[in-house]
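**Student:** Quick note: the sequence shown uses the working numbering, first residue 388, plus one each step.
Note that the Cβ used here is the ideal one computed from N, Cα and C, for glycine as well.
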Amino acid sequence: MYDTEFLVVGAGVTGLAFADHIASNDYLICEAANKIGGYCKTIQRDGFTWDYSGHFFHFKHAAIEKDLVSRMGGQKVYKVKKNSKIYWNGGWIDFPFQKNIHQLPKDDFVDCIHGLFFRQKKTPENFQEMLYSKFGKGISERFLIPYNQKLYATDLRNLDMNAMGRFFPHADMEQIVNNFKYSDNGSYNDYFTYPSGGAIQYVNALATGVAHERILLNERVISVDLKNHIALTNRREIRYESLISSAPLPALLGCCKVETNSSLYSWNKVLVFNIGFDSKGPTDIHWIYFPQEEISFYRVGFYDNILAENRMSLYVEIGMNHNSSLGEGDVEKIRDRVIGDLRKVGLVVNHKVLSWHYTVMDPAYVHITERSITEVSRVKEILSNHGVHSIGRYGGWTYCSIEDNIVEAQALAETFNAVDRIY
Ligand SMILES: Cc1cc2nc3c(=O)[nH]c(=O)nc-3n(C[C@H](O)[C@H](O)[C@H](O)COP(=O)(O)OP(=O)(O)OC[C@H]3O[C@@H](n4cnc5c(N)ncnc54)[C@H](O)[C@@H]3O)c2cc1C
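(1) Residue ranges of each beta strand (DSSP E) run of no fewer than 3 residues wholly in the region 502-554, ordered along the chain?
(2) From the DSSP output, read off the bridge partner residues of residue 704.
(3) Run through DSSP, which three-state label would residue 587 get?
(4) Rounded to the nearest angstrom, how far is the Cβ of residue 668 from that of residue 734, given a contact under 8 Å?
(5) Could you give the distance in angstroms between the alpha-carbon of residue 782 and the alpha-carbon of residue 463?
(6) Would you kindly work out how many angstroms separate the C-alpha atoms of residue 754 and residue 653, rounded to a whole number?
(7) Locate the beta strand (DSSP E) running through residue 726, then write down its first and last residues.
(8) Below 7 Å CB to CB, which residues in the same chain sit around residue 692 once its five sequence neighbours on both sides are set aside?
(9) Below 8 Å, how does it come out for the region 638-646 and the region 487-506: are there three or more Cβ pairs, yes or no?
(10) Give, in chain order, every unbroken run of the alpha helix (DSSP H) that is at least 4 residues long and sits entirely within the region 606-676.
(11) For ligand 1, is there a heavy atom less than 7 Å away from the beta-carbon of residue 443?
(12) Using the beta-carbon count (16 or more within 10 Å), is residue 398 buried or exposed?
(13) In the DSSP output, what is residue 776 paired with across the bridge?
(14) Residue 613 and residue 773: beta carbons closer than 8 Å?
(15) Taking only the alpha-carbon atoms, compute the straight-line gap between residue 542 and residue 514 and give it to the nearest angstrom.
(16) Roughly how many angstroms lie between the CA atoms of residue 504 and residue 400, to the nearest whole one?
(17) When we look at the beta-carbon of residue 806 and count the other beta-carbons within 10 Å, is it buried (16 or more) or exposed?
(18) Considering only DSSP beta bridges, list what residue 474 is partnered with.
(19) Taking C-beta to C-beta, are residue 433 and residue 741 nearer than 8 Å?
(20) Decide if the region 625-635 is in contact with the region 703-719; the criterion is three or more beta carbon pairs, one per stretch, under 8 Å apart.
(21) Tell me the DSSP secondary structure of residue 417 in three-state form.
(22) Return the CA-CA distance between residue 354 and residue 705, expressed in angstroms with no decimal places.
(23) What are the boundary residues of the alpha helix (DSSP H) that residue 407 is part of?
(24) Could you tell me which of 802, 801, 789, 770 sits nearest to residue 448, measuring between CA atoms?
(25) CB of residue 813 to nearest heavy atom of ligand 1: below 7 Å?
(26) Between residue 597 and ligand 1, is there a pair consisting of the residue's CB and a ligand heavy atom that are separated by less than 7 Å?
(27) Should residue 792 be listed as close to ligand 1, given that the test is whether its C-beta is under 7 Å from any heavy atom?
(28) Please tell me whether, using a cut-off of 7 Å, the distance from the CB of residue 401 to the nearest non-hydrogen atom of ligand 1 is below it.
(29) Indicate the three-state DSSP secondary structure (helix, strand or coil) for residue 490 in the structure shown.
(30) Quick check on the DSSP output: the beta strand (DSSP E) that includes residue 753 runs from which residue to which?
(31) Could you check if residue 643 belongs to the surroundings of ligand 1, using beta carbon to heavy atom distance under 7 Å?
(32) So, residue 533 versus residue 680, is the Cβ gap smaller than 8 Å?
(33) Would residue 451 pass as a contact of residue 793 if the rule is Cβ separation under 8 Å?
(34) DSSP three-state label for residue 462, please.
(35) Say whether the region 758-768 touches the region 616-627, bearing in mind that this needs 3 or more beta-carbon pairs closer than 8 Å, one atom from each stretch.
(36) Specify the secondary structure class of residue 679 as computed by DSSP and reduced to three states.
Printed below as a string of structure tokens:
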């Protein structure tokens with residue numbers, strides 16, 4: 388049997404950030420996949436650079452960014468001022484919708500401003516009610532509800548009013564009206580960075596601080612004996628002092644045989660197509676949102692406009708309910724529909740597809756409700772009383788960014804480092 392002080396489950400950003408930051412050398416990382424990176428992997432195919440859906444970096448902590456870039460061997464990192472649009476009536480308006488209703492045709496604009504002014508200001512009990520009470524009927528029903536329903540693939544009345552936390556672009560009446568004259572579409576992700584080699588370069592930078600022989604690839608943790616601190620993988624038993632897991636929380640609870648109310652966990656999947664074309668499409672735009680029900684995707688992003696390339700290279704995102712599955716031939720059918728829809732919205736004209744790839748991110752966006760938040764903190768406490776720490780976007784069953792994952796993993800490592808310093 389192997390023995391280790393820290394057993395880390397998952398070699399995504401979270402697991403690697405923990406291993407990179409922990410002072411002790413006595414750790415092992417079990418990674419079920421055959422590569423490191425988790426959702427931050429990059430695919431190089433036929434001259435195109437793609438992620439598992441575009442993964443862009445919005446650093447709030449300059450020290451973290453500086454440290455990672457210093458470990459990237461001089462690789463070019465693009466710093467980009469975001470330009471995002473919403474597809475509307477055959478054209479585009481600026482994002483966010485609620486601040487740019489003056490760019491809509493007159494009838495739509497009048498409906499939106501009327502709804503905003505006369506909205507029912509009651510205390511919202513769910514995400515949909517929050518949209519109606521903050522933005523009124525016109526804005527909610529034209530964009531906020533249909534777009535978010537496509538993204539989350541669920542009835543928005545099932546989501547907590549704060550389901551998107553700081554990622555939701557709030558705007559009050561004053562900001563909306565002011566934006567008619569003095570455009571300010573600033574948001575949390577105004578600028579972002581992206582390495583020329585794709586998102587995996589940030590992961591590789593983290594991995595420079597991790598002993599490679601301590602990363603066990605193709606090694607899935609199957610069950611955990613909480614009492615005796617022994618994890619069983621598909622290859623061996625590992626005794627640990629502390630276990631740090633970035634696996635999705637419901638799966639970890641199953642491994643640890645901790646009882647939970649499984650009906651409180653719900654999420655969507657995102658089917659992502661990366662598609663490379665022979666010639667350029669629109670320039671300057673980084674991504675476009677599609678609220679229209681008849682269009683299969685909710686968002687399309689342009690790697691080529693970030694990496695300054697001369698052939699259109701897209702990621703296309705489609706929200707799916709977590710209970711739905713893809714049967715034989717479905718992927719090709721959906722891909723053909725996607726290309727047709729790209730043609731319909733004017734992004735594909737005479738372009739020829741040169742290469743493509745798809746992946747399903749499951750889970751992608753977890754559905755946050757007050758009851759799920761309470762249950763998550765209850766079960767995390769039970770786990771931590773047994774030396775098991777469930778962290779990361781899916782370990783914490785939350786909505787957060789890569790940088791948040793790094794900050795959380797480093798903070799946890801610090802608590803262990805501090806104890807080591809005391810003794
Ligand atoms: C569509 C989409 C777009 C996104 N875009 C951005 C973006 O632009 N910018 C941004 O900051 N964030 C973005 N994110 C969020 C970002 O992907 C996550 O915050 C981050 O990748 C989470 O890293 P993690 O290490 O916590 O989890 P993961 O990346 O999920 O890594 C967990 C790892 O654990 C492994 N694992 C799971 N179970 C086991 C087991 N039992 N045994 C061993 N190994 C196991 C998995 O194989 C995986 O490698 C996006 C997310 C989605 C869904």
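**Tutor:** Let me lay it out:
(1) none
(2) Looking up residue 704 in the sequence shown gives position 317. DSSP output for residue 704 lists 659, 686 as bridge partner(s).
(3) As a first step, residue 587 must be located in the sequence shown, where it is residue number 200. Here residue 587 sits in helix by DSSP.
(4) Counting from 1 along the sequence shown, the entry for residue 668 is found at position 281. Counting from 1 along the sequence shown, the entry for residue 734 is found at position 347. Correct: roughly 6 Å between the Cβ atoms.
(5) Within the sequence shown, numbered from 1, the residue matching residue 782 stands at position 395. Within the sequence shown, numbered from 1, the residue matching residue 463 stands at position 76. One C-alpha to the other measures close to 32 Å.
(6) Within the sequence shown, residue 754 is the residue found at index 367, counting from 1. Within the sequence shown, residue 653 is the residue found at index 266, counting from 1. When rounded, the distance between both Cα atoms is 5 Å.
(7) By 1-based counting over the sequence shown, the position of residue 726 is 339. Element bounds for residue 726: not the beta strand (DSSP E) but the alpha helix (DSSP H), 717-731.
(8) Position 305 of the sequence shown holds residue 692. Within the same chain, Cβ atoms closer than 7 Å to the Cβ of residue 692 are found at 670, 671, 672, 673, the five residues on either side in sequence being excluded.
(9) Contact check between the region 638-646 and the region 487-506: fewer than three CB pairs, one atom from each, fall below 8 Å, which does not count as touching.
(10) 636-643
(11) Within the sequence shown, residue 443 is the residue found at index 56, counting from 1. Yes, Cβ of residue 443 sits closer than 7 Å to a heavy atom of ligand 1.
(12) The residue given as residue 398 occupies position 11 in the sequence shown. It counts as buried.
(13) On the sequence shown, position 389 is the one that residue 776 refers to. Answer by DSSP bridge pairing, in chain order: 631.
(14) Start at 1 with the first residue of the sequence shown, and residue 613 comes out as number 226. Start at 1 with the first residue of the sequence shown, and residue 773 comes out as number 386. In this structure, residue 773 lies closer than 8 Å to residue 613 by Cβ.
(15) In the sequence shown, residue 542 corresponds to position 155, counting from 1. In the sequence shown, residue 514 corresponds to position 127, counting from 1. Computed Cα separation, rounded: 9 Å.
(16) Position 117 of the sequence shown holds residue 504. Position 13 of the sequence shown holds residue 400. Approximately 44 Å, taken between the alpha carbons.
(17) Position 419 of the sequence shown, counting from 1, holds the residue named residue 806. Residue environment for residue 806: exposed (fewer than 16 other C-beta atoms within 10 angstroms of its C-beta).
(18) Working through the sequence shown from its first residue, we reach residue 474 at position 87. Residue 474 is bridged to 479.
(19) For this step, residue 433 is matched to residue 46 along the sequence shown. For this step, residue 741 is matched to residue 354 along the sequence shown. Judged by beta-carbon spacing, residue 741 lies within the 8 Å limit of residue 433, meaning their Cβ atoms are closer than that value.
(20) The answer is no - the region 703-719 does not touch the region 625-635, with fewer than three Cβ pairs under 8 Å.
(21) Counted from its first residue, the sequence shown places residue 417 at position 30. Looking at residue 417 - three-state DSSP - the assignment turns out to be strand.
(22) Only positions 388 to 810 of the chain appear in this structure, which leaves residue 354 out of reach.
(23) Residue 407 sits at position 20 when you count from the first residue of the sequence shown. It spans 400-408 - the alpha helix (DSSP H) in which residue 407 sits, taken as one unbroken run.
(24) Taking the sequence shown and counting its residues from 1, one reaches residue 448 at position 61. Taking only the C-alpha atoms, the option nearest residue 448 is 789.
(25) The chain is shown only over 388 to 810; residue 813 falls outside these bounds and no answer can be derived.
(26) On the sequence shown, residue 597 is found 210 positions in, with the first residue counted as 1. No, the beta carbon of residue 597 sits no closer than 7 Å to any heavy atom of ligand 1.
(27) Position 405 of the sequence shown, counting from 1, holds the residue named residue 792. Answer for residue 792: yes, Cβ within range of ligand 1.
(28) Sequence index remark: in the sequence shown, residue 401 carries index 14 (1-based). Yes; taking the cut-off as 7 Å, the Cβ of residue 401 has a heavy atom of ligand 1 nearer than that.
(29) For the purposes of this step, residue 490 is taken as the residue at position 103 of the sequence shown. Helix, per DSSP.
(30) Here the question's residue 753 lines up with position 366 in the sequence shown. Run containing residue 753: none; DSSP gives neither H nor E here.
(31) On the sequence shown, residue 643 is found 256 positions in, with the first residue counted as 1. For ligand 1, not one heavy atom lies less than 7 Å from the Cβ of residue 643.
(32) The residue given as residue 533 occupies position 146 in the sequence shown. The residue given as residue 680 occupies position 293 in the sequence shown. Yes.
(33) Residue 451 sits at position 64 when you count from the first residue of the sequence shown. Residue 793 sits at position 406 when you count from the first residue of the sequence shown. In terms of Cβ geometry, residue 451 and residue 793 form a close pair [threshold 8 Å].
(34) For this step, residue 462 is matched to residue 75 along the sequence shown. Three-state result, residue 462: coil.
(35) no
(36) If you number the sequence shown from 1, residue 679 lands on position 292. Coil.
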